[in-house]
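First the structure, in the form of structure tokens, and then the observations on it.
There are 4 protein chains.
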Amino acid sequence: MPKVSDDYKERKRESLLESALKCFGEKGFHSTTMDDIVAYSKTSKGLIYNYFKSKEELYLELMQERTKLTFERINEHFKNCETATEKMRELFKMYREITLTEEWRHLIRVHMEFWINSARHENLQNIMLDRYKKQYLQFMNEIIEQGKKSGEFKKEIQAELVSSIFWAYIDGICLHYSVVEEDELYKQQFKQTEEMIMNYILTK
Amino acid sequence: MPKVSDDYKERKRESLLESALKCFGEKGFHSTTMDDIVAYSKTSKGLIYNYFKSKEELYLELMQERTKLTFERINEHFKNCETATEKMRELFKMYREITLTEEWRHLIRVHMEFWINSARHENLQNIMLDRYKKQYLQFMNEIIEQGKKSGEFKKEIQAELVSSIFWAYIDGICLHYSVVEEDELYKQQFKQTEEMIMNYILTK
Amino acid sequence: MPKVSDDYKERKRESLLESALKCFGEKGFHSTTMDDIVAYSKTSKGLIYNYFKSKEELYLELMQERTKLTFERINEHFKNCETATEKMRELFKMYREITLTEEWRHLIRVHMEFWINSARHENLQNIMLDRYKKQYLQFMNEIIEQGKKSGEFKKEIQAELVSSIFWAYIDGICLHYSVVEEDELYKQQFKQTEEMIMNYILTK
Amino acid sequence: MPKVSDDYKERKRESLLESALKCFGEKGFHSTTMDDIVAYSKTSKGLIYNYFKSKEELYLELMQERTKLTFERINEHFKNCETATEKMRELFKMYREITLTEEWRHLIRVHMEFWINSARHENLQNIMLDRYKKQYLQFMNEIIEQGKKSGEFKKEIQAELVSSIFWAYIDGICLHYSVVEEDELYKQQFKQTEEMIMNYILTK
DNA sequence: GATGAATGAGACTTCATTCAT
DNA sequence: CATGAATGAAGTCTCATTCAT
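Just so you know, the sequences run in chain order A, B, C and D. Counted from 1, the first sequence has number 34 at position 34 by full-length UniProt numbering; the numbering is strictly sequential. Counted from 1, the second sequence has number 126 at position 126 by full-length UniProt numbering; the numbering is strictly sequential. Counted from 1, the third sequence has number 178 at position 178 by full-length UniProt numbering; the numbering is strictly sequential. Counted from 1, the fourth sequence has number 191 at position 191 by full-length UniProt numbering; the numbering is strictly sequential.
Quick look at the structure:
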């Protein structure tokens, strides 16, 4: 666990995680070797084991970091959002405005791969489900409930259902466009998804 | 004599593919060893190489087989469907009625994993994209166009956009429920997705 | 051992040996698989084991056959040779007139490879040395002795020494030109070797 | 620290090459396994791949090393030789005085085997031919030309022809005595070869 | 702390040989 | 007899992890 007391160590750790992400993005978790990460991060094989006790753990910590960053980024964007509607619109906007770079595609694949891998290891699965429910779903739930309370959203919608629909669509679209390279279609699809969902939840 | 009927060989091949699917489903492609497949299929290590020249090729042929089966199954269900609306409804019904067994989850993971892996190997990516566009998108396109022609669906909708939305949502939902074990939510989510999409395309 | 009684079997055996020779020539003994030979001879894997009980044995029998053929060929050429000098000259002529085809190079390599391999297996080594001494050396010895007796060759030369020099030079040159593709140099070298050796043994 | 001196690594490399040579000598290239080499060199299976990226490459580098050593040894012997005649005599002496140990026989077989194997792989063949022509032939050519210039050797002899004859005879004799265990005959044969060749080139 | 040489289990693949048909 | 599917031992090579310096 990062000790902020030692700034140097923390920066080293970040740098290792970043290198790992880069490598996993390019070759996938299994095909990435510790040597790849070492080469990319310009450190030594031994050092990496001072920070993470195994490749598995490095993977897990990386993904935890990424989730944290995702929400930090979202919250950053939410600074000027008050209403639930504003938040929803801003969220869609964030995704809609993504440019489909090779780097982005790599990132998505790492996430998706992790999601699938996690399903195969009981301990990982629990971590993942917990994260999904406590963070992703919960996050969206709160927005929905806020919207329901304020009268922006229909009273009769089930927050949980909408939340899970939201993330499923997001992931479905990202999954597709992590392979398909069609920027324009991606944007239209997101626009359409936004309309469908907003239409479904807004009180007229 | 071991000069054996084509039928016998075909059945052997199927059995190997099935074993591979089982193993890939349980442990993922990379973590599955040829020994796993051999053990599962109760043959010998050498034999598998009489049928497939590498683990890679086995993987590819397996996925090709699965795609073929998917469409065979869909077409089977479509036997009594005339109108585009019937077809769309039937398609949703097929997915909606799936029971989320462990086996199904394995299957989905294999598909998703393949989709992601394929993105990392140029030759596989071409095969995948081709399959996606020529089969999945094309298949849906035809239904949409039929519906537009017959007046069932709105004239102004873009077939291609709807098709890609359709498959993205399907994949997104399947991806989620290949990890999340909540049958009820899955069904509701599918119902809702059906409404949204049908609402979007139906005239009136 | 070939039973001439069954002509068919004998021809089959020859065909297998020939195929083996072809394959060994192209890829070398170790890199040639039984499948290669089977493919080349258009028979079946099982059949080959009816004729030779192992790859080793096939190899050995092939080389035995080749030695036999070599001497048959030499004797064929010797039909009209009476004197020792004529025989020596004819022998040199045979080698000198060889055209350095790819096929010839293959053949030489097989022989050389066998010679080296044999040194590494006691039983083979005995067979090889026996063959070398009883056939190659003995053959040359007899010519030399004939020449000495008839006064063609110097009385003081040691037949055994000349014989072993003769075959060493032959093998050395063949070895080189099984790799080096220079027809002209080969011929000159043989001419020169002939002169040196004849000069050494002829009585003026 | 295992960050180790270049010298250490070089010695390790030499030791691996030496082990490989020993094993190739005993069993031949194809029959030698990496495990054999590892066992002989008392290291671990993985380590060898830190130094050579494949068995093939190890082989090639070994042979390159050996050629280098051969010429270093020859040049060592040449320190006190001025005239072309002295050099030729010294060269013959070197070969003549070799004692036909089992080790020497192994060494020769490795060289001969490599020569033959190389003929079967285009890239190796080019390396071999280049080495043969640029080093072996060239080396001898220079001596001959020196001798012609100084008047020791006949003006009319073709340096290239003599050179290739020289090496062919050397190789032929070595090849034979890598199998035939007759020290005495070997020496006589070399003596005789020396006389023949010197007789051929010396200006009386 | 940092380094990277060393380890060795285990992966994929090949192939001589067998044997049921 | 002939066939070629089946076998499995054994080969090459990889790579996460350790540890002496």
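In this text, a Cβ means the ideal position worked out from N, Cα and C, and glycines have one as well.
### Query
Which one of Ile173(D), Gln135(D) and Lys148(D) has the shortest CA to CA distance from isoleucine 108(D)?
Ile173(D)
### Task
Go to glutamine 146(C), then tell me how far its alpha helix (DSSP H) extends in each direction, as first and last residue.
138-150
### Message
For a contact defined as C-beta to C-beta under 9 Å, what are the partners of tyrosine 59(C) on chain D?
### Response
Going along chain D, no residue has its Cβ under 9 Å from tyrosine 59(C), so there is no contact; the nearest lies around 13 Å.
### Query
CA-CA distance, tryptophan 104(D) and threonine 43(D)?
25 Å
### Query
Pick from Phe92(D), Gln135(D), Met34(D) and Thr33(D): whose alpha carbon is nearest that of residue 226(D)?
Lying before the first or after the last residue shown, residue 226(D) is absent from chain D, which here runs from 1 to 204.
### Task
Using only the heavy atoms of the ligand GDP, determine whether one of them is closer than 8 Å to the beta carbon of lysine 53(C).
For the ligand GDP, the structure offers nothing, since it holds no ligand at all.
### Query
So, is the C-beta of aspartate 171(C) closer than 9 Å to a C-beta in chain D?
yes
#### Entry: Proximal chain B residues relative to methionine 28(A), where beta-carbon distance stays under 7 Å
According to the sequence as given, residue 28(A) is glycine; it is not methionine. The answer, in chain order, is Asn117 and Arg120.
#### Entry: Limits of the alpha helix (DSSP H) - the one that threonine 70(B) falls within
55-77
### Assigned secondary structure, phenylalanine 153(D) (DSSP; H/G/I helix, E/B strand, else coil)
strand
### Query
Which of the three DSSP states, helix, strand or coil, is assigned to leucine 202(A)?
strand
### Message
For serine 163(A) and asparagine 141(A), which I take to be in contact (beta-carbon distance under 8 Å), what is that distance rounded to the nearest angstrom?
### Response
5 Å
#### Entry: Below-9 Å beta-carbon distance, tryptophan 104(D) vs any chain C residue
no
### Query
Does the segment 173-191 of chain C touch the segment 9-26 of chain D, meaning 3 or more C-beta pairs lie closer than 8 Å?
no
### Query
Roughly how many angstroms separate the alpha carbons of glutamate 184(A) and tryptophan 115(B), rounded to a whole number?
21 Å
### Task
Tell me whether lysine 133(C) sits in a helix, a strand or coil according to DSSP, three-state version.
helix
### Residues that histidine 77(C) contacts on chain D, provided the C-beta gap is smaller than 8 Å
The premise fails here: histidine 77(C) is roughly 22 Å from chain D at the closest Cβ pair, so nothing lies under 8 Å.
### Query
Leaving out five residues before and five after threonine 203(B) in sequence, what residues of the same chain have Cβ atoms less than 7 Å from its Cβ?
Gly151, Glu152, Phe153 and Lys154
### Query
Can you tell me where the alpha helix (DSSP H) with leucine 17(C) in it begins and where it stops?
7-27
### Query
For a contact meaning CB atoms closer than 9 Å, what does valine 179(A) contact in chain B?
Trp115, Ile116, Ser118, Ala119, Gln125, Met128, Leu129 and Tyr132
### Query
Which whole-angstrom value describes the C-beta separation of glutamate 169(C) and tyrosine 169(D), a residue pair presumed to lie in contact below a C-beta threshold of 8 Å?
Going by the sequence as given, residue 169(C) is tyrosine instead of glutamate. About 6 Å; that satisfies the 8 Å criterion.
### Message
Within the continuous alpha helix (DSSP H) that includes phenylalanine 166(B), where are the two ends?
### Response
159-177
### Task
Please classify glycine 46(D): is it buried, with 16 or more other beta-carbons within 10 angstroms of its beta-carbon, or exposed?
exposed
### Message
Using the Cβ count rule (16 or more neighbours within 10 Å means buried), how would you classify serine 54(C)?
### Response
exposed
### Message
Excluding the 5 residues flanking phenylalanine 190(A) on each side, which residues of the same chain have their C-beta closer than 8 Å to its C-beta?
### Response
Phe92, Tyr95, Arg96 and Ile173
### Query
Sorted by chain position, which residues of the same chain lie with C-beta nearer than 6 Å to tyrosine 136(B)'s C-beta, five sequence neighbours on each side aside?
Trp167
### Message
Tell me the rounded alpha-carbon separation between phenylalanine 52(C) and arginine 11(C).
### Response
14 Å
### Task
Count the other CB atoms, across all protein chains shown, that sit within 10 Å of the CB of lysine 87(D); report buried if there are 16 or more and exposed otherwise.
buried
### Query
methionine 112(B) touches chain A at which residues, Cβ-Cβ below 8 Å?
Met112, Ile116 and Leu175
### Task
Taking all protein chains shown into account, decide if asparagine 13(A) is buried (16 or more other Cβ within 10 angstroms of its Cβ) or exposed.
One detail in the question is off: residue 13(A) reads as arginine in this sequence, not asparagine. By the neighbour-count rule (16 or more Cβ atoms within 10 Å), arginine 13(A) is buried.
### Task
State buried or exposed for serine 5(B), treating a residue as buried only when at least 16 other CB atoms are found within 10 Å of its CB.
exposed
#### Entry: Terminal residues of the alpha helix (DSSP H) in which glutamate 102(C) lies
102-118
### Task
With DSSP collapsed to three states, give me the class of glutamate 195(B).
helix
### Query
Using a beta-carbon distance below 9 Å, is tyrosine 200(B) in contact with chain A?
yes
### Message
My assumption, with CB atoms under 8 Å, is that histidine 30(A) sits in contact with histidine 30(B). Please give the rounded CB distance.
### Response
4 Å
### Task
For the alpha helix (DSSP H) holding lysine 93(A), just list the boundary residues, first then last.
84-96
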